[in-house]
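Here's the structure, in structure tokens; my notes come after.
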Amino acid sequence: MKEKKMTKHIAILPGDGIGPEIVAQAVRILDKLKADGLDIDYQYAPLGGAAYEEYHHPYPPYTQEICQQADAILLGAVGGPQYDTLERSLRPERGLLAIRKDLNLFGNLRPAILYPELANASTLKPEVVSGLDILIVRELTGDVYFGEPRGIHTLANGEREGINTMRYKESEIRRIGKIAFEAAQKRNKKLCSVDKANVLETTELWREIMTDMNKDYPDVSLTHMYVDNAAMQLVKAPKQFDVIVTGNIFGDILSDQASMLSGSIGMLPSASLNESGKGLYEPSHGSAPDIAGKDLANPLATILSLAMLLRYSFNNEPAAQRIEQAVGQVLAQGLRTQDIYEVGCQKVSCSQMGDAVLIAL
Ligand code: NAD
């Protein structure tokens with residue numbers, strides 16, 4: 633019997649600030665892949681400030697329906713100073729929190745990649761970071777950020793006390809473990825689980841479960857590292873890592889630390905996945921209102937987010953690699969947007985960078 637072709641649907645959310653400019657460049661790449669036979673379609677919807685303007689809500693039902701029905705979502709960025717005085721529930725960032733919650737996006741994937749051509753952009757020595765390619769898998773919906781009880785209360789003696797609770801259920805650890813092991817299988821098959829098992833029982837359980845899960849992924853080499861050592865190793869010898877998996881609070885800190893190894897925020901994509909592999913893909917940076925509308929933004933983080941979308945939600949490794957290689961090629965040609973510019977290179981605009989990636993593709 634002939635296999636039925638299934639068209640994949642992408643929701644495109646340009647958002648605010650530089651969002652529409654950078655997403656437009658990614659959509660040009662998508663159109664090219666479509667013309668070359670990729671079976672996808674896409675639909676636009678507003679999120680954040682743009683959605684507030686149109687629907688008086690940062691994540692309106694119209695956008696919610698399109699996102700719920702899509703197989704994957706590509707987002708630019710949300711936010712801007714003009715929305716900072718709105719009532720909290722209407723602010724653009726609430727739209728982002730709402731979509732993450734609505735789609736149960738518990739697994740955050742943040743690569744830290746440093747193309748050899750950009751080694752000088754890092755504050756670390758080029759030989760320590762050149763060619764860096766690590767992936768941090770962070771649990772996003774549990775841990776001390778969400779654990780109950782929490783709050784600030786007053787003790788009998790009148791002194792105030794703040795409480796947060798670190799907790800993880802076995803099922804929560806297993807589902808993020810699955811994402812991490814599978815990501816490691818798609819890469820160099822090395823997974824480092826970061827915890828503080830010597831002090832915290834929550835992460836003692838984390839370590840036990842990761843070790844147990846390794847039996848189902850025998851091709852992946854699993855190691856464990858305490859978070860304080862991981863923080864040191866990330867700046868001392870970051871290239872020792874392939875995939876790192878960790879809980880919400882450790883991941884929050886380590887992923888920001890790792891992103892700075894690469895020097896430019898305009899280069900870093902990210903993904904947030906749910907249990908069925910549906911994901912929200914977006915650059916790690918914000919809406920950069922200071923350069924919005926000027927055709928100056930670096931679109932590469934968004935284009936690389938599209939590559940992640942194809943890899944993790946559509947399981948299309950060849951298409952993902954095709955995009956990543958095209959990005960590598962334009963950097964090798966010496967083309968740079970202003971944020972990654974250095975003397976001797978050719979400064980290009982956001983749309984010119986899009987042109988170049990399209991040609992390289
Ligand atoms: P930002 O990441 O938007 O900008 C920080 C600096 O990096 C700015 O100088 C900006 O010009 C530059 N920059 C960012 N992306 C760039 C790119 N692609 N190319 C070139 N330069 C780039 O962070 P911010 O200034 O703290 O926040 C601005 C707005 O973005 C705020 O409203 C904030 O709430 C929002 N924000 C949104 C997200 C998101 O949508 N996921 C994330 C962070 C911040």
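With my numbering applied, the sequence shown closes on residue 993, and no number is skipped along the way.
Using N, Cα and C, we set each Cβ at its ideal position, and we do this for glycine too.
One or two residues paired with residue i in a DSSP bridge
i	result
I642	Y674 and A704
G739	E771 and L905
C824	T855 and I876
P915	P901
A709	G647
L967	Q978
E793	H785
I766	A744
Euclidean distance between Cα positions of residue i and residue j
i	j	result
E635	E840	No answer about E635 holds up, because its pLDDT of 48 lies below 50 and its placement is not dependable.
M633	L665	Low local confidence applies: a pLDDT of 49 at M633 is under 50, so the model's placement there is unreliable, with the coordinate-based value given in what follows. So the two alpha carbons sit approximately 27 Å from each other.
Y715	R723	6 Å
C977	T969	10 Å
M864	C824	14 Å
Q696	F778	23 Å
E725	A890	23 Å
V975	I885	32 Å
E802	T835	11 Å
I642	Y674	5 Å
I876	K910	21 Å
K926	C982	9 Å
A704	Y973	32 Å
Y944	L735	16 Å
A869	D971	26 Å
P652	P646	5 Å
G895	E791	44 Å
H856	D827	7 Å
D671	A702	14 Å
Y691	D851	41 Å
A683	H689	6 Å
K847	A667	42 Å
M899	M798	33 Å
Y687	G727	12 Å
L928	Q965	19 Å
K733	I808	16 Å
A903	E914	6 Å
G774	Y800	7 Å
I784	M985	50 Å
Y849	I811	12 Å
V776	E804	13 Å
N796	I881	12 Å
Beta-carbon separation (whole angstroms), residue i vs residue j, contact threshold 8 Å
i	j	result
L746	S754	6 Å
L607	L750	In the structure as shown, the chain starts at 633 and stops at 993, and residue 607 therefore has no counterpart that could be examined.
D874	K822	4 Å
W838	G883	Not really, about 12 Å apart at Cβ, beyond 8 Å.
A658	L706	6 Å
A939	V989	No, A939 and V989 are not in contact; Cβ-Cβ is about 11 Å, not under 8 Å.
Residue environment, residue i, which counts as buried when at least 16 other CB atoms sit within 10 Å
i	result
Y676	exposed
I654	buried
T934	buried
M638	exposed
R806	exposed
V769	buried
V710	buried
L787	exposed
V831	exposed
L905	buried
N861	exposed
P693	exposed
A931	Here residue 931 turns out to be Pro, not Ala, going by the sequence shown. Burial call: buried.
P901	buried
S908	exposed
E771	buried
P743	buried
P748	exposed
G794	exposed
I991	exposed
G669	exposed
Residue i at chain B interface by Cβ criterion, 9 Å
i	result
H688	In the displayed structure, chain B is absent; only one protein chain is listed.
Query raised in the report: What residues come near the ligand NAD, if near means a beta carbon less than 5 Å from any of its heavy atoms?
Result: Listed along the chain, these residues meet the criterion: A709, V710, G711, G898, H917, G918, S919, A920, D922, I923, A929, N930 and D971.
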